Each structure stands twice: as structure tokens, then as C-alpha cells.
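Asker:
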Amino acid sequence: MTASATPTDAAQPTEIDNASVRDASAITLRNLHKRFSGDAIALDGVDLEIRAGEFFTLLGPSGCGKTTLLRLLAGLEAPNEGSLTIGGKDVTETPPHLRSVNTVFQSYALFPHLSVHDNIAFGLRMKGIPAAERERRVQEIADFIKLGSLLERRVNQLSGGQRQRIALARALVCEPDVLLLDEPLSALDAGLRTQLQVELQRTQKRLGMTFVFVTHDQDEAMVMSDRIAVLDSGIIQQVGPPHEVYERPINAFVARFMGHVNLFDIQGIHDVTVTTALGELAMEAPLQPGKHGGVMLIRQEVIELGPTVSEGYNGLDGVVKERHYRGSRIEYRLEVNGQPLMATASNLGQRLYAVGDRIKVSIHPEDVVRIEA
Amino acid sequence: MNHTSESPYPLARHSHSMSPDTRHLLWSVAPGVAWIVIFLVLPSLYLIGVAFMTNGPYGQPQMPLSLDAFRQLAGFGFLGWSPGNLYTLLRSLWQTLVATGLVILVAYPLAYYISTCRDKLRPIMLLAVVVPSWTNQVIRAFGWMNLLSPGTPLADAAQALGLIGPNMGLYPSNFAVTLGLIYNFLPFMVLPLYAAFEKLDMALVEAARDLYASPVRAFWHAVFPQTLSGLLAGTVLVSIPAFGMYVIPELLGGGKAMMLGNLVANQFSGGSNWPLGAAGALIMLVATFGGLYAMRKVGKRLGGGEEVVI
Ligand SMILES: Nc1ncnc2c1ncn2[C@@H]1O[C@H](COP(=O)(O)OP(=O)(O)OP(=O)(O)O)[C@@H](O)[C@H]1O
Ligand SMILES: [Mg+2]
Numbered sequence: 261m262t263a264s265a266t267p268t269d270a271a272q273p274t275e276i277d278n279a280s281v282r283d284a285s286a287i288t289l290r291n292l293h294k295r296f297s298g299d300a301i302a303l304d305g306v307d308l309e310i311r312a313g314e315f316f317t318l319l320g321p322s323g324c325g326k327t328t329l330l331r332l333l334a335g336l337e338a339p340n341e342g343s344l345t346i347g348g349k350d351v352t353e354t355p356p357h358l359r360s361v362n363t364v365f366q367s368y369a370l371f372p373h374l375s376v377h378d379n380i381a382f383g384l385r386m387k388g389i390p391a392a393e394r395e396r397r398v399q400e401i402a403d404f405i406k407l408g409s410l411l412e413r414r415v416n417q418l419s420g421g422q423r424q425r426i427a428l429a430r431a432l433v434c435e436p437d438v439l440l441l442d443e444p445l446s447a448l449d450a451g452l453r454t455q456l457q458v459e460l461q462r463t464q465k466r467l468g469m470t471f472v473f474v475t476h477d478q479d480e481a482m483v484m485s486d487r488i489a490v491l492d493s494g495i496i497q498q499v500g501p502p503h504e505v506y507e508r509p510i511n512a513f514v515a516r517f518m519g520h521v522n523l524f525d526i527q528g529i530h531d532v533t534v535t536t537a538l539g540e541l542a543m544e545a546p547l548q549p550g551k552h553g554g555v556m557l558i559r560q561e562v563i564e565l566g567p568t569v570s571e572g573y574n575g576l577d578g579v580v581k582e583r584h585y586r587g588s589r590i591e592y593r594l595e596v597n598g599q600p601l602m603a604t605a606s607n608l609g610q611r612l613y614a615v616g617d618r619i620k621v622s623i624h625p626e627d628v629v630r631i632e633a
Numbered sequence: 004m005n006h007t008s009e010s011p012y013p014l015a016r017h018s019h020s021m022s023p024d025t026r027h028l029l030w031s032v033a034p035g036v037a038w039i040v041i042f043l044v045l046p047s048l049y050l051i052g053v054a055f056m057t058n059g060p061y062g063q064p065q066m067p068l069s070l071d072a073f074r075q076l077a078g079f080g081f082l083g084w085s086p087g088n089l090y091t092l093l094r095s096l097w098q099t100l101v102a103t104g105l106v107i108l109v110a111y112p113l114a115y116y117i118s119t120c121r122d123k124l125r126p127i128m129l130l131a132v133v134v135p136s137w138t139n140q141v142i143r144a145f146g147w148m149n150l151l152s153p154g155t156p157l158a159d160a161a162q163a164l165g166l167i168g169p170n171m172g173l174y175p176s177n178f179a180v181t182l183g184l185i186y187n188f189l190p191f192m193v194l195p196l197y198a199a200f201e202k203l204d205m206a207l208v209e210a211a212r213d214l215y216a217s218p219v220r221a222f223w224h225a226v227f228p229q230t231l232s233g234l235l236a237g238t239v240l241v242s243i244p245a246f247g248m249y250v251i252p253e254l255l256g257g258g259k260a261m262m263l264g265n266l267v268a269n270q271f272s273g274g275s276n277w278p279l280g281a282a283g284a285l286i287m288l289v290a291t292f293g294g295l296y297a298m299r300k301v302g303k304r305l306g307g308g309e310e311v312v313i
């Protein structure tokens with residue numbers, strides 16, 4: 261019930277009743293360092309508390325150390341420094357087969373000499389689950405991933421998306437305290453993906469497992485996660501619930517990674533007025549003492565467009581340069597003071613602006629945010 | 004057949020004759036086919052023919068056709084039945100089994116070890132395994148004779164351990180034969196196994212470990228299946244020639260314990276009985292095919308239905 265501990269957590273995008281949490285599934289990482297031969301530093305001092313029963317997502321660009329972190333949790337790699345506890349027990353030295361942790365590997369790593377059925381049953385067999393129960397659970401999970409009819413196939417007779425689902429099933433069927441998922445839905449079509457996103461979350465909450473989930477896709481991360489950690493070059497940049505990481509990124513890296521594009525170097529701040537290449541804009545509150553410089557962030561969906569500037573808003577003159585129609589919303593690329601500015605408007609049936617239109621851009625002072633560079 | 008130039012429908016006409024590709028292919032495989040027919044098919048047919056002929060007064064095959072040779076091979080002679088040949092056959096099978104098994108025991112860890120060596124070391128290690136086989140088999144057998152005969156350090160050591168009596172050597176003996184066979188066939192097992200280890204997918208081992216397999220079980224479920232085709236290839240490369248092996252038992256066994264290979268060779272070289280020799284060779288051929296077939300079955304079962312190419 262960690263998920264509802266703070267009021268901010270109430271704004272989770274998907275709410276699922278969290279029935280039972282296994283206490284054995286809390287994870288603590290202390291000062292984890294991982295270097296590979298040569299001078300490749302994959303993890304550079306990671307400190308993290310992952311709560312029992314939490315859906316925790318690692319987000320970050322390629323090569324930032326996500327897979328390495330999962331491998332340390334699984335016990336497939338040993339840290340050069342630091343410690344790792346699962347359920348309060350130090351497991352830094354525990355071999356993988358003695359950890360109640362399973363992995364959905366990024367490369368699937370399915371056994372090519374076994375059938376789909378035997379792949380899925382592998383972990384249960386190794387654990388010594390009786391045959392009857394094993395069969396029942398394999399059948400159940402096969403229905404879950406919608407591959408019930410393929411159980412007798414060999415894995416090299418499957419498509420990429422089917423393999424990925426087998427990899428998911430093979431780990432999930434063991435119902436471990438901690439499940440590590442390394443981009444487990446990346447090869448699926450949009451429909452199946454959305455469906456499995458929801459069902460995975462439900463299963464996780466129902467079984468009270470802790471999920472550590474890796475993805476490149478910030479939308480997926482926000483939809484699914486209780487909390488998100490953004491990683492860059494082996495260093496945790498920010499940890500928080502999705503809305504916090506999205507709305508209050510602590511620096512330009514996190515902001516860019518969460519999909520923000522309207523970032524402008526701050527040239528000067530006087531009281532509540534911030535100067536950038538866009539011009540002068542008023543902020544809600546003056547800068548905290550001791551801070552200066554940094555980057556101004558304006559989320560594209562808070563920008564209002566119209567014939568006039570709204571009351572109490574910052575006003576700018578813009579020209580529409582491009583229009584992207586996305587169904588539920590319309591994206592405009594504007595030019596303001598020679599700078600590109602992206603604005604998204606919900607599609608409420610209002611008049612669309614055409615390329616070349618001159619319009620007024622309104623930005624509320626509350627939405628003018630200063631973050632670290 | 005070059006009708007194409009006169010035909011009003013060159014393409015339609017063309018489809019009746021051979022396409023240039025097919026013709027080209029036929030020409031390119033022709034030498035290979037000829038080679039196989041001349042050096043494999045014809046001699047084999049001749050061998051089968053001889054096996055069913057009668058032994059002449061000077062050991063040459065002659066008419067009429069009969070099953071005499073097979074009867075002799077089974078041990079029926081002028082003096083009634085004797086188990087000698089049957090023993091020879093069983094001894095050959097047993098020796099093959101033991102030698103192949105021991106070669107596997109030595110080669111498997113060796114191949115793995117080589118595959119884990121540094122990039123620069125690996126070719127050198129492989130060379131060290133292969134180079135001895137570039138020397139003539141007979142010369143190597145003589146080498147072992149020298150190493151194992153009485154008075155050599157190896158023999159002395161065996162005496163000190165009480166394995167053999169005083170003033171005896173390790174040669175000639177079954178031990179020497181087995182050793183010779185292992186030494187001779189090691190490269191044929193190491194190379195295919197090395198090839199398998201070289202492309203071993205460690206991700207599968209990690210997956211097994213992640214799914215609660217102890218190191219031993221991870222080996223059995225994730226490493227062994229990946230090396231199976233190499234192991235079977237090596238087994239074929241070793242066991243078939245080992246079964247027909249003739250030089251090593253002759254030299255290192257001191258000619259005391261006859262193998263099927265020696266039995267066959269004697270029938271031809273002494274000029275004593277060609278049909279008997281041919282019958283022995285035919286039995287070997289049949290046993291070999293039987294073994295290959297069994298190996299395919301085993302490979303298929305362990306490989307989970309996948310064809311294992313031998
Ligand atoms: N076995 C290894 N030997 C050397 N360097 C490695 C090894 N494994 C990973 N690295 C390096 O460590 C860094 C982190 O790798 P990691 O696989 O954790 O990235 P990732 O975040 O999972 O990336 P992706 O999103 O592309 O999967 C990379 O720079 C990578 O090159
Ligand atoms: Mg990765």
C-alpha cells in the first residue's frame with residue numbers, strides 16, 4: 261500500500277487496487293558501481309529504494325545501464341562496489357538460482373531445443389513444482405499471452421512478437437517476488453501492446469509482485485509505472501511518480517527524455533522575469549536564492565493559441581510553420597522571435613490554424629518553469 | 004538442342020529443354036558424381052559380390068555364390084563352431100565404445116577450455132591438438148611403443164604403483180591400444196566440439212540460471228544441448244574409423260588381441276580368404292550404418308525433434 265502513501269501518488273494514470281503486497285519483494289540498492297573491462301562504466305553509484313509491490317520503471321537512452329542494473333538484480337553480474345538487498349536480505353553474493361527473481365530478457369534467450377511449452381515450464385520444473393500444477397499454470401499463462409495454440413511449436417518457428425510473449429510467460433509463470441522486464445513489449449503491435457500493458461499491471465498488483473520494468477518509451481513508462489527512474493550514463497537523474505517526472509523534470513536531460521521540446525537557455529532572471537531567446541516571460545514565483553542560469557521549460561500542451569492574449573498570461577506573437585494533425589490533438593510548430601516553439605491543442609472541434617497564420621501565444625506564468633541545464 | 008532461333012515462340016520452346024542453369028549445374032556436379040561412382044559405389048558393389056562368393060584354393064573368390072563366408076565369420080569351420088570371430092567382433096565393439104567414451108571425456112573439457120582461452124592463444128592450442136595427426140599413424144604407434152615398453156619412466160611409474168608386475172612394460176596391452184586410440188582420435192572430437200563451444204550462447208545459460216537452475220543443471224539443460232551436434236559429429240568421426248582400426252591394435256596390442264579390422268586385413272593380405280574378408284568388411288559397413296542411424300535418432304530425441312546434421 262506504498263502506492264497511496266503520499267497524496268501526489270493519487271494522480272496515477274492507471275489506478276488498480278493493490279490487493280496483497282509481498283514484503284519479501286522490497287529492493288534496496290546502495291552505491292552500486294559496475295565497470296566492465298576497459299573503462300566502460302555501466303553504473304556509477306546507484307542508490308535506489310524500490311518498494312514492495314511497486315511497478316518501478318527504468319527509463320533512459322540506449323547504453324545508459326538499464327540492462328546492467330537488471331543483471332545485477334538477477335545476480336547475473338556482480339557489482340564492483342556497493343550492496344543489494346531484496347526483502348531486507350543482503351543478496352549481493354547470492355547466486356541467481358537462489359533469488360526469487362526472474363527476468364524477461366531483452367534478447368528473449370529462449371531455449372531453441374525446447375518446445376514453447378517446455379520453455380515456459382522450465383522454471384517450474386527447476387523449482388520442483390509437481391507436474392499437474394505445472395501443466396495448469398503453463399496453460400493459464402499461455403492463455404494470458406494469447407498463445408495457447410502454439411504450445412507444441414518450437415521457438416524457432418515463431419515470430420518475433422510471439423517469442424517475446426513466450427519470454428514474458430516463461431518468467432511470469434514462476435510468480436517470483438521480483439520480476440525484471442527488459443523491454444518486454446517492444447516487439448508487439450500497438451493493440452496487443454496496450455492490452456498486455458493493462459493486463460501486466462493487473463497481474464502485478466494481484467500477485468503483489470515487484471516489477472522492475474525497462475523501456476525506451478516514456479508513454480509506456482507513464483501509463484504503467486508507480487514510479488519512474490530516469491537514468492543517464494549509469495547515474496540516476498530523477499526518481500518519482502510519472503506526473504512528477506513529467507511535469508517537474510529536474511534537468512534538461514530528463515525533460516528531453518520525457519518528450520519535452522520547448523527548452524530555452526536562460527539568459528537572465530530578474531525577480532520573476534526570465535529572459536530567453538523567446539523574449540521576456542513572467543514566472544509565478546521568484547527564483548530560489550542561490551540558483552541562477554539553467555533552462556526554461558514550457559510544456560507544449562499548456563500553450564494556448566488564439567486571436568488575443570488571455571488575461572493574466574504572458575503574450576507572444578507567433579507564426580504557424582507546420583501543422584501535424586494527430587486525431588485527438590493537433591500539433592503546431594510555431595515561430596516566435598525566430599525561435600521554434602511547439603504547441604499542442606486538444607482537438608475540440610475548434611478552427612484549425614493554417615500554415616502562415618499569425619496568432620497570439622498565451623503562456624500562464626505558472627507554466628514557465630526553470631530547470632537545471 | 005538449339006531450336007530457339009527457329010522457333011516463333013522462343014520462350015515456350017525453351018521451357019521444354021533444360022534451362023541453362025540446370026545444365027550448368029549438371030556439368031559442375033558431374034566430376035563429383037563420377038568420383039563417387041568410380042571410387043565408392045563400384046568398389047562397394049564389388050565387395051558385396053565377393054562376400055557372397057566361395058573361397059578358392061588360393062584364397063581367391065570364385066563361383067558359385069554362397070553364404071560360406073558369413074558362416075565362417077559366425078564361427079562355423081571344419082572343426083565345428085568356435086567363438087573366436089564372435090569375440091573379435093564383440094571386442095571391436097567394446098574397444099570402440101570405450102575409446103569413443105574416453106575420447107569424449109578428454110575432448111569435452113579440453114574443447115571448452117580452448118574456447119575460453121584468449122583470442123591469440125586459441126589457434127595455437129588448436130594447432131597443438133591437430134599437429135600430431137599430421138604424422139603417420141604407424142610412426143605415432145611406434146612412438147608410444149617406445150614410451151610404454153619396459154624400463155621407460157611411464158612403465159617404471161606403473162610398476163611403482165603396482166599396476167603391472169616387475170620388468171613388464173605397459174606395452175603390449177589393451178591399455179596401450181586404448182591409449183593409442185584416444186591419442187589418435189582426439190583431434191576429431193576436439194574440433195567439432197570446439198566449434199560448438201565457440202558459438203555457445205551464454206544468454207541461454209544465464210536464462211537457465213535465472214530460472215532456478217543450479218550450475219550443474221544449467222550445464223545439462225543449457226550448455227549440453229548446444230554442444231550436442233558437435234558431440235554427435237565427433238562421435239561419428241571417431242567411432243567409425245575406430246571400429247575398423249587396424250594399425251594401432253596390431254602394433255600396440257602386440258597382435259595378441261585381434262580386432263575386426265585385423266581379421267579383415269589378414270584375410271586379404273595373407274591371401275587366405277577374400278570372401279571372408281569381404282564379409283567382415285560388409286558387417287562393418289552394416290554396423291556403421293546402423294550406428295549412424297541410431298545416432299540420428301538419439302540426436303533427434305535429445306535435440307527436441309530438430310534434425311542434427313551428421
Ligand atoms: N559485457 C560487457 N562488457 C563491456 N561493456 C559492457 C558490457 N555490457 C554492457 N556494457 C556497456 O555498459 C553500458 C550499459 O549497457 P546496458 O546494456 O546496461 O545498456 P542499456 O541501458 O540496457 O541499453 P539499451 O537500451 O540499448 O538496451 C554500455 O555502454 C555498454 O556498452
Ligand atoms: Mg538493455
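Protein chains in written order, with this note's numbering: chain H, 261 to 633; chain Z, 4 to 313.
Here a beta-carbon is modelled for each residue, glycine too, at the ideal position from N, C-alpha and C.
Computed from a predicted model, the values in this text were never measured in an experiment.
Report the rounded CA-to-CA distance for E309(H) versus A338(H), giving the unit in angstroms.
Answerer: Their Cα atoms are separated by approximately 19 Å.
Asker: Once the 5 residues before and after T238(Z) are set aside, which same chain residues still bring their CB inside 8 Å of it?
Answerer: Here the set comprises T103, I107, M192 and M298.
Asker: For E504(H), which three-state DSSP category applies?
Answerer: Looking at E504(H) - three-state DSSP - the assignment turns out to be helix.
Asker: Hey, which residues come within less than 6 Å of ligand 2, measuring from Cβ to any heavy atom, in chain order?
Answerer: This selection yields K326(H), T327(H), Q366(H) and D442(H).
Asker: Going by the CB atoms, is the gap between A302(H) and K294(H) shorter than 7 Å?
Answerer: Result yes, Cβ atoms of K294(H) and A302(H) sit closer than 7 Å.
Asker: Cβ closer than 8 Å: which chain B residues qualify as neighbours of L157(Z)?
Answerer: Absent from the structure: chain B. Protein chains present are H and Z.
Asker: DSSP on N650(H), reduced to helix/strand/coil?
Answerer: In the structure as shown, chain H begins at 261 and stops at 633. Residue 650(H) is therefore absent and cannot be evaluated.
Asker: Counting only C-beta atoms, is V219(Z) closer than 7 Å to chain H at any point?
Answerer: No, no contact with chain H.
Asker: So if I threshold CB-CB distances at 7 Å, which residues from the segment 366 to 395 of chain H count as touching chain Z?
Answerer: The residues in question are S367, A369, F371, H373, L374, S375, F382, G383, M386 and K387.
Asker: Within the same chain, show all residues whose beta-carbon is closer than 6 Å to that of L384(H), passing over the 5 residues directly before and after it, in chain order.
Answerer: The residues are R394.
Asker: Counting only Cβ pairs nearer than 7 Å, list the residues of chain Z close to P356(H).
Answerer: In chain order: R212 and D213.
Asker: Spatial neighbours of Q272(H) within its chain, please: C-beta separation below 6 Å, excluding the five flanking residues on both sides.
Answerer: In this predicted model, Q272(H) has a pLDDT of only 47, less than 50, meaning its place in the structure is not dependable enough to derive any value.
Asker: Counting only Cβ-Cβ distances shorter than 7 Å, please list the residues of the segment 330 to 342 of chain H near chain Z, keeping chain order.
Answerer: Going along the segment 330 to 342 of chain H in chain order, one finds A334 and L336 with a Cβ nearer than 7 Å to chain Z.
Asker: For chain H, is any of its Cβ atoms less than 7 Å away from the one on Q162(Z)?
Answerer: So no, Q162(Z) is outside the interface.
Asker: Is F382(H) close to ligand 1? I mean its beta-carbon at under 6 Å from any heavy atom of the ligand.
Answerer: False, no ligand heavy atom lies under 6 Å from that Cβ.
Asker: May I ask you to check if the CB of F316(H) is nearer than 6 Å to at least one heavy atom of ligand 1?
Answerer: No - ligand 1 has no heavy atom lying nearer than 6 Å to the Cβ of F316(H).
Asker: Please confirm whether T536(H) has its beta-carbon closer than 7 Å to some beta-carbon of chain Z.
Answerer: By this cut-off, T536(H) is not an interface position.
Asker: Which residues, taken in chain order from the segment 284 to 301 of chain H, show a beta carbon closer than 9 Å to some beta carbon of chain Z?
Answerer: Flagged: no residues at all.
Asker: Is there a Cβ of chain H sitting closer than 7 Å to that of P46(Z), yes or no?
Answerer: Not an interface residue.
Asker: Run through DSSP, which three-state label would P600(H) get?
Answerer: Three-state result, P600(H): strand.
Asker: By the criterion of Cβ-Cβ separation under 7 Å, what are the contact partners of T363(H) in chain Z?
Answerer: Neighbours of T363(H) on chain Z, chain order: D213.
Asker: Using a beta-carbon distance below 7 Å, is A198(Z) in contact with chain H?
Answerer: It does not: the Cβ of A198(Z) has no partner Cβ on chain H nearer than 7 Å.
Asker: Give a yes or no on whether 7 Å exceeds the smallest Cβ distance from P228(Z) to chain H.
Answerer: With 7 Å as the cut-off, P228(Z) counts as an interface residue toward chain H.
Asker: Does the distance between the C-beta of G342(H) and the nearest non-hydrogen atom of ligand 1 fall short of 6 Å?
Answerer: No - ligand 1 has no heavy atom lying nearer than 6 Å to the Cβ of G342(H).
Asker: Excluding five sequence neighbours on each side, which residues of the same chain lie with their C-beta closer than 6 Å to the C-beta of T328(H)?
Answerer: So the list reads K294, A302 and L303, once near-sequence residues are dropped.
Asker: On a CA-only basis, which of V629(H), T317(H) and Q497(H) is nearest G305(H)? Give me that one, please.
Answerer: Comparing Cα-Cα distances from G305(H) to each of V629(H), T317(H) and Q497(H), the minimum goes to Q497(H).
Asker: For chain H, find out if any of its Cβ atoms is closer than 7 Å to the Cβ of E209(Z); answer yes or no.
Answerer: Chain H contact via Cβ: present.
Asker: Closer than 6 Å to a non-hydrogen atom of ligand 1 - does that hold for the CB of F473(H)?
Answerer: The answer is no for F473(H).
Asker: Does the Cβ of F365(H) have 16 or more other Cβ atoms within 10 Å, making it buried, or fewer, making it exposed?
Answerer: The residue in question, F365(H), is buried, as its Cβ has 16 or more Cβ neighbours within 10 Å.
Asker: Using a cut-off of 8 Å between C-beta atoms, extract the partners of A225(Z) located in chain H.
Answerer: Those are F371, listed as they occur along chain H.
Asker: Establish whether the CB of A236(Z) and some CB of chain H are separated by less than 7 Å.
Answerer: No, because no Cβ of chain H sits closer than 7 Å to the Cβ of A236(Z).
Asker: Hey, would you say the C-beta of C434(H) is under 6 Å away from at least one heavy atom of ligand 1?
Answerer: C434(H) Cβ: outside cutoff for every heavy atom of ligand 1.
Asker: Would you mind working out which of N170(Z), L50(Z) and R74(Z) sits nearest L285(Z), comparing C-alpha positions?
Answerer: Nearest option by C-alpha distance: L50(Z).
Asker: Roughly how far, in whole angstroms, is the beta-carbon of A369(H) from the beta-carbon of E209(Z), given that I think they are within contact range, below 8 Å?
Answerer: Rounded, the Cβ-Cβ distance is 7 Å, consistent with contact.
Asker: In its own chain, which residues sit with a C-beta less than 8 Å from the C-beta of I426(H), not counting the 5 before and 5 after it?
Answerer: The answer, listed in chain order, is Y368, L370, V376, N379, I380, I405, L407, V415 and L418.
Asker: How would you list, in chain order, the residues of chain Z whose beta-carbon sits under 8 Å from the beta-carbon of C434(H)?
Answerer: The contacting residues are L214 and Y215.
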